[in-house]
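Position in the first sequence (first residue = 1) + 7 = the working numbering.
Where is the CB? At the ideal position from N, CA and C, for every residue including glycine.
To start, the structure under review is shown below, and the notes come after it.
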Amino acid sequence: MPELPEVETVCKGLSKKILGKKIKILKVLNSKLRKIIPTEIEKVFKEKMIKTILRRGKYGLIFFNCDYTLQFHLGMTGKFIISNRKPLINKHDHVIFEFENNLFMLYNDVRKFGFIDFIKKPIDLINFNQLGHEPKVIRFYKKKIIKKIKKSSKTIKDILLDQSFVSGIGNIYASEILFNARINPKSTGIKISIIKLNNLLKSINLILDKAIEKGGSSISDYKKVDGDLGYFQNNFRVYGRKGLSCFKCKNLILQMKQSGRSTFYCKNCQK
DNA sequence: AGCGGAACCTGTCGGC
DNA sequence: TGCCGACAGGTTCCGC
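Structure below.
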């Protein structure tokens, strides 16, 4: 599910619903995810109030009025579901939060690639989890970033997916960004012109901002915290469009594997 | 050092 | 209808 626009949408949705709320009961139903959910969170956050919710890369951070911060990563299929009455527990519901006034939140994750954890303050947001810059600020580090790409013999697709380069880009948006910037996903960093790399940095923000505006992309199971869908999947230019005609030149969109993951592109538009 | 590939886990879809 | 393999928004680890 979740790349930067989806996590951003989730964090905004959470802010709207649970900011200022106090946790009455926190219960870990199943702690065995890819990274084990510490059952200590049940005690650590009991009776604590939610002060701030932030996103950094594809991570979410929930700050409380105590010395600990809840961090989460949605992996592939993680989601939060908020409701105004006590929810029925389903398969793959792993944590339940109960707030005051009959407000509930479930953490559900089918494939269990996500995690929930807590960290002691203070948190270094800049160097958080070795993440690279947030897309929002890359224009201030243009020279540095372009120099780094120019030195890399990796393909530009792999560079975009490297979270220590720029944080938050995943497999869908990597394809969409490269189409927008008219760069072939197979090109290595060294080979791409400065002009194209400048375009690339612009495309990163163009695509991600548009996706955030649409509430992210709902392909199979991503939903917002209130159950609504995102709509950016309707704006995909290449992702999932193998065999369909390119919106720009009418050539057929191609699909290939790069580092084990699907890349979609137009051979004619992306050179 | 850096790369590709496998592993983690469950569900779904397409082919035979 | 049923079985089997491939594939899915991500990260991490292992071996070359």
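Could you have a look at residue i and say whether DSSP puts it in helix, strand or coil?
i	result
Y148	helix
I201	helix
V102	strand
Q240	helix
D124	strand
V232	coil
Q137	helix
S182	helix
V35	strand
L110	strand
Closest to residue i by C-alpha separation, out of the options, would be which residue?
i	options	result
N258	C276, D100, G139, R268	C276
T270	C256, F254, K255, R244	R244
E54	V232, I69, C73	C73
I190	Y75, L77, K278, K86	K278
Q265	N205, E220, K193, K230	K193
V17	G237, F104, P45	G237
L77	L204, V51, K158	V51
K98	K157, L36, K65	L36
D281	K86, L33, K39	The shown model of the chain, from 8 to 278, leaves out residue 281, and the question about it has no answer.
I30	Q170, F106, D235, I260	F106
I179	I214, N205, Y75	I214
Give me the DSSP bridge partner(s) of residue i.
i	result
K86	N115
K264	S269
R62	G67
T195	T162
Y75	K127
K29	M56
S252	L259
Let's test the definition: count the other Cβ atoms within 10 Å of the Cβ of residue i and tell me whether it reaches 16, buried, or not, exposed.
i	result
S224	buried
N91	exposed
M263	exposed
S174	buried
C253	buried
When the Cβ atoms of the segment 129-149 are set against those of the segment 157-167, are three or more pairs found closer than 8 Å?
no
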